[in-house]
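S.K.: Mind having a look at this structure? Questions to follow.
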Amino acid sequence: MKILIFLFAAGMVVVFIVCGTFPPTVYETLVWGWATIWFIGAPVLGWAMKNDDGDDTDSYYPKKRYIAITSLPWAAAALLYANAALDSSPAIERPAVVLSRSRGRYATDIQVSALWPNRSAFTIPIDAHRYDAMPPGTAVEVLVRRGALSISWIEAVKPRP
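The sequence shown runs contiguously to residue 186 in my numbering.
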């Protein structure tokens, strides 16, 4: 059972990495989905480990539902990765303005004005070497691709000439 908990936690990390590598434009929705998987899957697997009787002779061990819960984050990561990797759509340039930026220990982000009408500002992870080139107020082009599975994602952010 401990291996399932480890695989579940590793899968959640992989989802986070894939979202940072190919940031979807529905990032907030995906964060809620990620949190839902975590706050449902972790307690269920923890309960299963607590109530495990140690009898490995049962052919149904580990329970199929626990394996299904463990595979949820891996399936989500594969879905997001396939969406970007199989995407052959052309990039669409969206003009935006950098509203703010933040530098953390492991990540750097910029917040840009809305990419579409009736949408709020959007936070985009960027490379550390591009961080200094995009202070607040900088006009940027955000390259958005449609996605093979119709989950639009951000390919790149570059300063406007």
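For glycine and all other residues, C-beta sits at the position ideal for the given N, C-alpha and C. Everything numeric in this text was worked out from a predicted model, so none of it was measured.
At what residue ranges does the region 118 to 167 contain a whole run of the beta strand (DSSP E), taking only runs of 3 or more?
M.R.: Within the region 118 to 167, the complete beta strand (DSSP E) runs of at least 3 residues are 133 to 137, 147 to 151.
S.K.: Ordered along the chain, which non-local residues of its own chain (more than five positions away) have a Cβ less than 8 Å from that of residue 145?
M.R.: Position 120 of the sequence shown, counted from the first residue, corresponds to residue 145. Correct list, in chain order: 139.
S.K.: Could you tell me the alpha carbon to alpha carbon distance between residue 105 and residue 76, rounded to whole angstroms?
M.R.: One-based indexing of the sequence shown puts residue 105 at position 80. One-based indexing of the sequence shown puts residue 76 at position 51. Roughly 34 Å separates the two Cα atoms.
S.K.: Residue range of the alpha helix (DSSP H) that residue 51 falls in?
M.R.: Start at 1 with the first residue of the sequence shown, and residue 51 comes out as number 26. Residue 51 -> no alpha helix (DSSP H), and no H or E assigned at all.
S.K.: Compute the beta-carbon to beta-carbon distance between residue 149 and residue 137, rounded to the nearest angstrom, for a pair I have assumed lies under 8 Å.
M.R.: Taking the sequence shown and counting its residues from 1, one reaches residue 149 at position 124. Taking the sequence shown and counting its residues from 1, one reaches residue 137 at position 112. Their Cβ separation, rounded to whole angstroms, is 6 Å, which keeps residue 149 and residue 137 in contact under 8 Å.
S.K.: Could you tell me the distance, in whole angstroms, from the CA atom of residue 95 to the CA atom of residue 36?
M.R.: Working through the sequence shown from its first residue, we reach residue 95 at position 70. Working through the sequence shown from its first residue, we reach residue 36 at position 11. Approximately 8 Å, taken between the alpha carbons.
S.K.: Using the rule of at least 16 other Cβ atoms within 10 Å of the residue's Cβ for burial, across every protein chain shown, is residue 112 buried or exposed?
M.R.: Taking the first residue of the sequence shown as position 1, residue 112 is located at position 87. Label assigned to residue 112: buried.
S.K.: In the DSSP assignment, the alpha helix (DSSP H) including residue 92 goes from what residue to what residue?
M.R.: Indexing the sequence shown from 1 puts residue 92 at position 67. Here the alpha helix (DSSP H) through residue 92 covers 89 to 110.
S.K.: Can you give me the Cβ contacts of residue 161 inside the same chain, cut-off strictly under 8 Å, excluding the 5 residues immediately before and after it?
M.R.: For the purposes of this step, residue 161 is taken as residue 136 along the sequence shown, with counting starting at 1. Excluding positions up to five away in sequence, the list reads 123, 124, 125, 126.
S.K.: Tell me where the alpha helix (DSSP H) around residue 181 begins and ends.
M.R.: As a first step, residue 181 is located in the sequence shown; it is residue number 156 there, counting from the start. Where residue 181 is concerned, there is no enclosing alpha helix (DSSP H), although the beta strand (DSSP E) it sits in stretches over 178 to 184.
S.K.: In the DSSP assignment, what are the bridge partners of residue 169?
M.R.: Position 144 of the sequence shown, counted from the first residue, corresponds to residue 169. DSSP lists 117, 179 as partners of residue 169.
S.K.: Determine whether the beta carbon atoms of residue 109 and residue 178 lie at a separation below 7 Å.
M.R.: Translated into the one-based positions of the sequence shown, residue 109 becomes position 84. Translated into the one-based positions of the sequence shown, residue 178 becomes position 153. Against a cut-off of 7 Å, the Cβ pair of residue 178 and residue 109 comes out as a contact.
S.K.: For a quick check, are the C-beta atoms of residue 121 and residue 167 less than 7 Å apart?
M.R.: One-based indexing of the sequence shown puts residue 121 at position 96. One-based indexing of the sequence shown puts residue 167 at position 142. Their beta carbons are under 7 Å apart, which means residue 121 touches residue 167 by this criterion.
S.K.: By the 10 Å Cβ neighbour count, where 16 or more other Cβ atoms means buried, how is residue 62 classified, buried or exposed?
M.R.: Translated into the one-based positions of the sequence shown, residue 62 becomes position 37. Counting Cβ neighbours within 10 Å, residue 62 comes out buried, since at least 16 surround it.
S.K.: Could you give the C-beta distance for residue 33 and residue 98, rounded to a whole number, given that I count them as a contact under 8 Å?
M.R.: Here residue 33 refers to the residue found at position 8 of the sequence shown. Here residue 98 refers to the residue found at position 73 of the sequence shown. Confirmed, about 7 Å.
S.K.: What do you reckon, are the CB atoms on residue 117 and residue 169 nearer than 7 Å?
M.R.: Residue numbering aside, residue 117 sits at position 92 when the sequence shown is read from its first letter. Residue numbering aside, residue 169 sits at position 144 when the sequence shown is read from its first letter. Contact flag set, yes.
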